[in-house]
Amino acid sequence: MDKKTLLRLLPVIFLGIIVWIIPTPQGLIDITLSSKLAKNPAEAVKFAANTWHMFGIYAAILCGLIVKPFAEPIIVMIILAVASLFMDPTKVYAGYGSPSVVFLLSVVLACGAFTKTGLGKRIAFVLLEKLGKTKFGRTSIGLAYILLICDLILSPATGSNTSRSAIVFPIFKGVCESLGSTPTENPKKLGAYLELTYHMISMGTAVLFLTGMASNAVIASTIQSSGGAVLSWMFWFKAAIVPGAIVLFIIPLVMYKLYKPEIKELGDIDHLIVKAKSEMGPMKSKEKILLGIFIFSILGWMFGPQIVIGPIKGVDMRVVAFLFIGLELLFGIMTWDDLLKEKMAWSMYMWYGGFFGSAAILANGKFYPFLASLLKKYLNLAHVNGWLVILILLLMAFAVKYFFVSNSAYIGAIYPIILTLALTTQANITVLSLLLAFFGGYSCWLTNYGNGASIYIYSQGYVDQKDWYRVGTIMVGIVMLVYVIVALPYWKIIGIY
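Counting along the sequence shown from 1, when you hit position 204 you're at 205 in this note's numbering, and nothing is skipped either side.
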């Protein structure tokens, strides 16, 4: 272990130890007793102490995810191993069996098939060929809309928008390079516009579906465990579709005004398409089968809960995700070795399973109501207008986004605090839950490290950091306006609040 790693590890160790040795707050003991989690005061003291110790573990994990002395799974595994020496291991490791955690794992594993079969690449080139023949498709803004459509088609079932970005953007980057726009030569000719626009698109499509990016499952489970709304796949989609579709539609247009490319007409790009088609060959049987499974999965996530056949009383979204993988394996689209090679999926499972399990124990131990009562003493918003409270809490959430490299760590750290505060106010919890869910994606626009896709897209090198931050901040402001004007009335009409 080098000196730099040790310096990063020390605050993780000290934070966990300090919280652990602090006496259990009386307020937590009182809530434990009043919630009937314990039969008598002595039992309440013991139960509350376990909850408080788990908070120490949670705080240490969170600190580790932020300062990163090691990779996330290593941090979580070490902390949980130490914790299980003093606590019941079945509770410490319970998060790994959580349906939400397993759902996240299965969706991210399933999306690897799009890369292996080349279906994602084929969809992009088919769109480029068909739409590129039109006059509009031969323009810079038309190319941005083709990019949008391609990402939108893939987004419902590619649970990682980082993986999706790695499939889609290189194809369009090739178009830029063929027109003489590279990161070092003429970047603003076309490449800078497409790179920054695609960052907006990638997060915009991710917001539409619960399965649009890995962080969404983290968001949904964190919101639910913190006292917020229960966000099923269909409920998420129903709430997101109208405002989210409007945001997606205006992205290329607004970006054309904010960050206009130097060329308007693309000229001839047929040679790129012909070359790609020659390399890919005709559509293979595995691609066709994957396309069918892909459509089946989307329909399953949309309508599964309404399916009633004999003893089957609805099909859970997690069942659909498992069927997705199962069918890929059954038809030989993916092998077990292929799944084992999906390092990002297993890495996410290892760290998020432990993190989620810790958060669930805190929720079951009534830690968040205790935290709410504590925060209320210092920030009492109980008598403030509910809509103003929502605005204040959202701005608070945005303000600290800059301090987090990991979007999941940001969600795990900030969302429980925001929702805990909201529970003591007049704010509509369902509305706040949805806004937090969707702006968990949009807030990634603020920085070049908002999530994995942000880091990947920024690394293409067309856009400097100053422009990235400036345009991202403006776009977040525009989207907030869209949600005020469109989303809130729409949610009212469909009965969400």
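We put the CB at the ideal spot given by N, CA and C, even for glycine.
### Query
With distances taken from CA atoms, which of Val-102, Ala-145, Lys-190 is nearest Phe-170?
As a working mapping, residue 170 is identified with position 169 in the sequence shown. Measuring from the Cα of Phe-170, the nearest candidate turns out to be Ala-145.
### Message
Less than 7 angstroms between the beta carbons of Pro-157 and Phe-210, yes or no?
### Response
Along the sequence shown, read from residue 1 onward, the residue named residue 157 stands at position 156. Along the sequence shown, read from residue 1 onward, the residue named residue 210 stands at position 209. Contact check for Pro-157 against Phe-210 passes: the beta carbons are separated by less than 7 angstroms.
#### Entry: Beta-bridge partners of Ile-313, as assigned by DSSP
By one-based count along the sequence shown, residue 313 stands at place 312. Listed as beta-bridge partners of Ile-313 by DSSP are Ile-310.
### Query
Near Leu-376, what residues of its chain come up, given a Cβ to Cβ distance below 8 angstroms and the 5 sequence neighbours on each side ignored?
As a first step, residue 376 is located in the sequence shown; it is residue number 375 there, counting from the start. The answer, listed in chain order, is Ile-418, Thr-421, Leu-422, Thr-425.
### Query
Excluding the five sequence neighbours on either side, which residues of its own chain have a C-beta within less than 7 angstroms of the C-beta of Lys-92, listed in chain order?
As a position in the sequence shown, residue 92 is number 91, starting the count at 1. So the qualifying residues of the chain are Ile-362.
### Query
Is the distance from the Cβ of Ala-454 to the Cβ of Asn-162 below 7 angstroms?
Working through the sequence shown from its first residue, we reach residue 454 at position 453. Working through the sequence shown from its first residue, we reach residue 162 at position 161. Yes; because the gap between Cβ atoms is below 7 angstroms, this pair is in contact.
#### Entry: Chain-order list of residues whose beta-carbon lies under 8 angstroms from that of Val-316 (same chain, five-residue window excluded)
Position 315 of the sequence shown holds residue 316. Only Gly-301, Gly-305, Pro-306, Ile-308 meet the Cβ criterion.
#### Entry: Proximity to Ser-35 [Cα-Cα], best of Tyr-470, Phe-368, Trp-492
Counted from its first residue, the sequence shown places residue 35 at position 34. Measuring from the Cα of Ser-35, the nearest candidate turns out to be Phe-368.
### Query
alpha helix (DSSP H) containing Cys-177: first to last residue?
Here residue 177 refers to the residue found at position 176 of the sequence shown. Segment 162-179, the alpha helix (DSSP H) holding Cys-177.
### Task
Could you pull out every residue in the same chain whose Cβ sits closer than 8 angstroms to the Cβ of Gly-121, ignoring the five residues on either side in sequence?
For the purposes of this step, residue 121 is identified with residue 120 of the sequence shown, where counting begins at 1. If we look at Gly-121 and ignore the five residues flanking it on each side, its Cβ neighbours are Phe-115, Leu-155, Thr-159, Arg-165, Ile-168, Val-169.
### Query
Exposed or buried, what is His-54 when buried is set at 16 or more other beta-carbons lying within 10 Å of its beta-carbon?
Locating residue 54 in the sequence shown gives position 53, where the first residue counts as 1. Result: buried.
### For Glu-266: DSSP bridge partner residues
The residue labelled residue 266 in the question sits at position 265 within the sequence shown. Per DSSP, the beta bridge partners of Glu-266 are Thr-140.
### Task
Using 10 angstroms around the beta-carbon of Thr-223, count the other beta-carbons present and answer buried if the total reaches 16, otherwise exposed.
Here residue 223 is taken as the residue at index 222 of the sequence shown, counted from 1. Result: buried.
### Message
Let's test the definition: count the other Cβ atoms within 10 Å of the Cβ of Asp-3 and tell me whether it reaches 16, buried, or not, exposed.
### Response
To locate residue 3, count along the sequence shown from 1; it is residue 2. With fewer than 16 other Cβ atoms within 10 Å, it is exposed.
### Query
Any contact of the segment 353-362 with the segment 72-86, i.e. 3+ C-beta pairs under 8 angstroms?
For the pair of segments examined, the segment 353-362 was found to touch the segment 72-86: the number of CB pairs separated by less than 8 angstroms reaches three.
### Query
If you run the structure through DSSP and keep just helix, strand and coil, what is Thr-52?
On the sequence shown, position 51 is the one that residue 52 refers to. Three-state DSSP puts Thr-52 in a helix.
### Query
According to the neighbour-count rule (16 or more other Cβ atoms, all chains shown, within 10 Å of its Cβ), is Trp-337 buried or exposed?
Taking the sequence shown and counting its residues from 1, the one referred to as residue 337 is at position 336. Classification for Trp-337: exposed.
### Query
What are the start and end residues of the alpha helix (DSSP H) that includes Asp-468?
Residue mapping note: residue 468 aligns to position 467 of the sequence shown, counting from 1. Run containing Asp-468: 466-483, per the alpha helix (DSSP H) assignment.
### Query
Does DSSP put Met-335 in a helix, a strand or coil?
Here residue 335 is taken as the residue at index 334 of the sequence shown, counted from 1. Met-335: coil per DSSP, three-state reduction.
### Task
Answer yes or no: do Tyr-199 and Tyr-260 have a C-beta to C-beta separation smaller than 7 angstroms?
To locate residue 199, count along the sequence shown from 1; it is residue 198. To locate residue 260, count along the sequence shown from 1; it is residue 259. When the beta-carbon positions are compared, Tyr-199 and Tyr-260 stay at least 7 angstroms from each other.
### Three-state secondary structure (DSSP) of Ile-80
Position 79 of the sequence shown, counted from the start, is the residue given in the question as residue 80. In the three-state reduction of the DSSP assignment, Ile-80 falls in the helix class, which pools H, G and I.
### Task
Give a yes or no on contact between the segment 180-192 and the segment 202-218, applying the rule of three or more CB pairs nearer than 8 angstroms.
As far as the Cβ criterion goes, the segment 180-192 does not touch the segment 202-218, which means the pair count is below three.
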